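Numbering (UniProt numbering), first residue to last: 1 to 91. Note that beta-carbon positions come from the ideal geometry of N, C-alpha and C, so glycine has one too. Here the structure is a predicted model, which means the values were calculated and not measured. Take a look at the structure below.
Next up, the structure:
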């Protein structure tokens with residue numbers, strides 16, 4: 001397979017670690033957490049967290065890993081709130 005075809009395949013099959021914004025908020029709320037609660041745990045401001053949650057900004061890599069882990073844990077705890085979202089789905 002050519003390098004170009006492999007590059008295209010990698011692009012198409014990439015995994016997105018975060019669910020859609022509406023699922024992010026639903027998961028947080030299902031656990032009765034405020035944006036402030038989560039922001040404090042992640043060491044960021046509530047405003048920054050809000051931007052992540054609504055999809056207006058993307059977390060930096062070290063925060064992305066922690067936020068994705070948080071959401072996966074909430075999805076396991078509250079599967080109905082995850083709305084069937086598969087965290088390993090192609091974006």
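C-alpha gap between residue i and residue j, whole angstroms
i, j, result
"residue 60", "residue 2", "32 Å"
"residue 91", "residue 17", "Residue confidence is low: residue 91 scores 40 on pLDDT, short of 50, so the model does not pin down where it sits. Its coordinate-derived value is still stated next. Their backbone Cα atoms lie some 9 Å apart in a straight line."
"residue 92", "residue 19", "This structure cannot speak to residue 92, because the chain is shown only from 1 to 91."
"residue 40", "residue 21", "19 Å"
"residue 76", "residue 7", "33 Å"
Residue i burial status per 10 Å Cβ neighbour count (16 or more: buried)
i, result
"residue 23", "buried"
"residue 4", "exposed"
"residue 26", "buried"
"residue 38", "buried"
"residue 82", "buried"
Own chain, CB closer than 8 Å to residue i, minus 5 neighbours either side, in chain order
i, result
"residue 57", "48, 51"
Boundaries (first-last residue) of the alpha helix (DSSP H) holding residue i
i, result
"residue 33", "Element bounds for residue 33: n/a, residue is neither H nor E."
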